[in-house]
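Beneath this line is the structure, given in structure tokens, with notes to follow.
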Amino acid sequence: MDHRMLQSEKLATLGKLTSGVAHELNNPVCYVKTNLQTLQHYTGNLDQLLSEVLELVGTTGNAEMVSAIKQLKQKFDYEYLHDELPILLSETSDGLNRVEEILSTLRDFVRNDADDARWVELNPLIDAALKLVHHELKYVVTAVRKCYGDIPPIWGHPSQLSQVIINVLVNAAQAMPKGGDIEVSTRLLEAENMIEICVCDQGEGIADEIMPLLFEPFVTSKPSGEGTGLGLSVSHQIIKHHQGSISATNREGGGACFSILLPVTAGD
Amino acid sequence: MENPSIFFIDDEPRVLNAVRRMLRLSHRDWEMHFFNSPDQALEALKSISPWVVVADKHLAHMDGVELLQKVAEVLPEALRILLTGDARLNSAVQATAAAHFIMRKPFEQETIENVLTKARVLHQLPISLHRRQQMGQLNGLPVLPKVYQRITQELESKEPDVANVAALIREDQSLLSKILQLVNSPFFGFSSRTQEIEVAVMRLGLETIHNLVLIAELYHQGPSRLLKVGDRLMREALLLAEQVCVVCDLHRVSKPVKNLAIISALLHNVGQLVLELHVEKNLAEAPTDLHEASVVGAYLLELWGFDPEVVEAVQHQCDDELPGECEPVSEMLNLALKMRHGGFDNEQIVQMVPNG
Ligand SMILES: Nc1ncnc2c1ncn2[C@@H]1O[C@H](COP(=O)(O)OP(=O)(O)O)[C@@H](O)[C@H]1O
Ligand SMILES: [Mg+2]
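Residue numbers (UniProt numbering), protein chains in the order written: chain A, 1 to 268; chain B, 1 to 356.
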């Protein structure tokens with residue numbers, strides 16, 4: 001068994017594992033989420049009940065009772081709990097939303113595994129990907145410059161490949177909050193018998209501390225809720241699976257360039 | 001079938017408990033039954049007839065789709081919902097025969113509540129049990145066109161995008177030309193024609209275009225023998241849309257009301273379409289009961305998520321007298337239909353206009 005086969009078996013196992021994990025987590029996340037919503041109702045009601053009871057005692061109770069209540073409130077830290085509980089619950093549900101988001105990314109990755117390999121025309125595939133992410137791009141990207149070469153079809157999984165393109169495009173847009181152009185080009189490298197896809201942006205460039213870890217899972221510079229740090233690691237897996245490679249460089253004048261190399265005769 | 005009731009089947013008991021708690025908060029009037037196994041649920045169906053059956057796709061001994069197929073045989077009138085962690089559209093399309101809806105898991109509270117509300121509305125429509133059972137059978141209803149479902153998805157996304165909707169429509173040249181034809185029809189009343197789908201979307205809004213896609217696709221489905229029926233009904237619908245337009249202008253109703261009235265007119269005979277094409281496949285001789293067809297139409301439009309105004313208008317289109325507190329859309333459609341069939345002329349209609 002040659003090295004490449006071993007590698008791709010490992011990847012297949014990883015894919016299965018991910019799929020299993022994502023599937024297994026789905027149920028617990030489902031009931032934790034639903035219960036958390038119910039809990040928010042419950043605590044809201046209890047809190048309301050308590051404050052109405054306290055109010056009643058305050059207005060109708062005798063002095064002795066009022067002071068007993070005051071002590072109890074202090075003992076159980078009532079004021080703090082009253083303020084803190086809604087915040088605690090809402091932060092918890094933020095966390096859960098994040099888990100849900102990561103799970104759905106993983107599931108997207110896994111489900112793409114399902115489609116069969118076939119001959120894929122990359123230029124139309126990139127066009128379709130551009131359409132799909134149009135609403136992510138439209139506010140920041142001033143122009144998408146396309147420079148497509150005359151390239152042969154390759155043997156691969158179209159939805160996986162379009163996921164890679166989408167990830168790279170979305171990253172490019174996210175790197176240019178102040179706007180800028182994206183350049184997408186394809187060409188045939190005849191000597192290597194490879195196709196190269198380049199996606200370049202005019203953004204901030206890849207941060208020095210991110211660069212060495214760029215394709216590692218969960219590496220992100222984006223605030224919680226915006227990035228999962230999975231996009232490039234998933235893309236890397238997919239491209240490796242197609243016996244290609246993906247790499248990134250920062251450009252002289254600012255901005256990043258992603259280069260994807262795919263063998264013309266890639267196969268499974 | 002007195003109290004509203006629901007069956008919920010999932011092999012994780014904690015999911016069932018969570019749903020039980022959630023529904024207890026907001027739907028205490030519902031009778032709820034929870035099952036770990038499909039067999040228990042099927043057994044219980046012998047004595048209980050729930051309005052709604054929700055089943056998880058991954059069950060221990062049986063696939064959720066298979067379970068719902070069995071439910072369709074024993075209790076076709078129940079609303080069937082498939083729960084799945086996989087929101088792939090493909091599985092949605094595959095499941096449409098077995099399930100009326102796909103619900104993503106984990107779900108939002110709101111999603112479940114909407115389904116229960118829908119079930120209640122559907123239940124209250126005056127349709128015979130026999131008809132309900134016919135329509136609830138596997139393949140008893142037309143499958144919603146794929147492009148319509150994809151546009152639905154786009155509209156449900158956080159930021160629906162005109163360009164994406166336009167691209168979806170443009171993928172199918174014949175759909176594109178049908179939509180442009182509808183948009184350029186006199187009843188929408190634009191002074192210039194457009195050949196650009198983006199312009200059409202901008203003029204009419206995403207919602208209306210979405211509806212037009214359904215209309216264009218529904219009436220042109222099926223084998224060529226049946227296309228004739230579709231063509232005839234579509235022609236009638238177009239004529240009524242023109243009529244409704246006249247009525248709306250006379251009554252000076254607002255633009256949104258007029259658009260909804262046009263949509264209602266274009267879909268007014270969808271019940272007839274479905275009854276003739278899908279339910280009673282060889283009914284060429286027996287004319288469909290128009291009142292029943294109207295209610296069946298309303299049933300379908302409610303199921304497919306149309307605006308309540310459109311549902312109400314279609315339901316009461318041929319009532320001699322509209323129930324009190326009707327929406328203006330219903331009045332417009334009802335009046336337009338009377339004009340077409342009852343032989344009022346424009347003169348009389350003008351007299352019926354308040355402060356006309
Ligand atoms: N075009 C780019 N320009 C600058 N930085 C980038 C670019 N693409 C990726 N990165 C960096 O790589 C990190 C990882 O990207 P990715 O794996 O897609 O995860 P995410 O986008 O969720 O953060 C990003 O957080 C960002 O710091
Ligand atoms: Mg990313």
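Here a beta-carbon is modelled for each residue, glycine too, at the ideal position from N, C-alpha and C.
For G149 of chain A, I'd like the list of residues in its chain whose CB is within less than 7 Å of its CB, leaving aside the five on either flank, ordered along the chain.
-> T186, R187 and L188
Nearest candidate by alpha-carbon position, reference L125 of chain B, set B:K146, B:P13, B:P308 and B:D161 | B:P308
M32 of chain B by DSSP, collapsed to three states: which one?
-> strand
Answer yes or no: the CB of T220 of chain A versus the heavy atoms of ligand 1, is any distance below 8 Å?
-> yes
Is there at least one Cβ from chain B nearer than 9 Å to N123 of chain A's Cβ?
-> no
Measuring alpha carbon to alpha carbon, tell me which of B:W30, B:L25, B:L273 and B:F188 ends up nearest R203 of chain B.
-> B:F188
Counting along the chain, where does the beta strand (DSSP E) carrying V120 of chain A start and finish?
-> R118 to V120
Among B:E331, B:D39, B:D319 and B:H27, which one has its Cα closest to the Cα of D289 of chain B?
-> B:D319
Check whether the Cβ of F107 of chain B lies closer than 9 Å to any Cβ atom in chain A.
-> yes
Within-9 Å CB hit, A117 of chain A to chain B | no
Alpha carbon to alpha carbon, how far is E66 of chain B from I6 of chain B? Give it in angstroms, no decimals.
-> 18 Å
Use the C-beta contact count for L25 of chain B: other C-beta atoms within 10 angstroms, 16 or more gives buried, fewer gives exposed.
-> exposed
Amino acids of chain E, ordered along the chain, whose beta-carbon sits closer than 9 Å to that of H157 of chain A = Among the chains of the structure shown, chain E does not appear; the protein chains present are A and B.
Separation of K57 of chain B from H242 of chain A, as counted between CA atoms = 31 Å
Classify P223 of chain A as buried or exposed, calling it buried when 16 or more other Cβ atoms lie within 10 Å of its own Cβ.
-> exposed
Anticipated Cβ contact below 8 Å, Y31 of chain A with V15 of chain B, distance rounded | 5 Å
From what residue to what residue does the beta strand (DSSP E) around E196 of chain A run?
-> M194 to D201
Have a look at A:E91, A:C200 and A:L39 and flag the residue whose alpha-carbon is nearest the alpha-carbon of G254 of chain A.
-> A:C200
Using CA coordinates, which residue listed in B:E302, B:I9, B:L79 and B:E325 is at the minimum distance from L64 of chain B?
-> A small fix is needed here, since residue 64 of chain B is Gly in this sequence, not Leu. Among B:E302, B:I9, B:L79 and B:E325, the Cα nearest to that of G64 of chain B is on B:I9.
Quick one: any contact between the segment 148-165 of chain A and the segment 176-188 of chain B, if contact means 3 or more CB pairs under 8 Å?
-> no
Which partner residues does E103 of chain B have in the DSSP bridge list?
-> Residue identity differs from the one stated: residue 103 of chain B is Met in this sequence, not Glu. According to DSSP, which records beta bridges pairwise, M103 of chain B is partnered with B:L83.
If you count every other CB in all the chains shown that lies within 10 Å of the CB of I215 of chain B, and 16 or more means buried, which is it?
-> buried
The alpha helix (DSSP H) with E73 of chain B in it runs from where to where?
-> G64 to V74
How many angstroms separate the CA atom of K46 of chain B from the CA atom of A166 of chain B?
-> 48 Å
Starting from P263 of chain A, follow the beta strand (DSSP E) in both directions and report where the run begins and ends.
-> A256 to P263
Below-9 Å beta-carbon distance, D29 of chain B vs any chain A residue | no
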